[in-house]
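Right, one structure below, let's go through it.
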């Protein structure tokens, strides 16, 4: 599944399957805020994209809730890797944890809940 937001992020899905995924991107000038650091919305979008691949959301699935802790700043040129792991499933729901790292540090921890209607 390719998500249109991945085009804007310039993200690449490195791996996806068995409740896990790895998605990477390079921070560019189009991803930063007025202070020149990665905009929180872009970082959230990267983590949410990794969540979607880990939870194997079909076209009708969606993130129903999420929270993120921004830990360290990122700048243009930084390479980011979002590693997602599905930690729980119940019915059509799943809980996914995502860690986003740069070459230097963990930059964010994200937890999201998804709903994938049963077919």
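Residue numbers (my numbering): 62 to 180.
The beta carbon of each residue, even a glycine, is placed where N, CA and C say it ideally should be.
As the structure is a prediction and not an experimental result, all values here were calculated from the model.
Beta-carbon contacts of residue i that lie in its chain and below 8 Å, excluding the five residues immediately before and after
i           : result
residue 85  : 72, 73, 75, 140, 141, 142 and 143
residue 131 : 101, 104, 168 and 169
residue 122 : 113, 116, 175, 176, 177 and 178
Residue from the options whose Cα sits closest to the Cα of residue i
i           : options              : result
residue 92  : 64, 68 and 62        : 68
residue 178 : 117, 147, 96 and 133 : 117
residue 159 : 138, 129 and 153     : 129
residue 164 : 66, 79 and 88        : 88
C-beta contact flag for residue i and residue j at 9 Å
i           : j           : result
residue 162 : residue 127 : no
residue 166 : residue 133 : yes
residue 81  : residue 145 : yes
residue 16  : residue 136 : Outside the shown range of the chain, which is 62 to 180, sits residue 16, and nothing can be said about it.
Cβ shell of residue i (< 7 Å), same chain only, five flanking positions each side left out
i         : result
residue 5 : A query on residue 5 cannot be resolved here, the shown segment of the chain reaching from 62 to 180 and no further.
Cutoff 6 Å; reference residue i; Cβ partners in own chain excluding five residues on either side
i          : result
residue 77 : 114
residue 64 : 110
With 16 other Cβ atoms within 10 Å as the buried cut-off, status of residue i
i           : result
residue 149 : exposed
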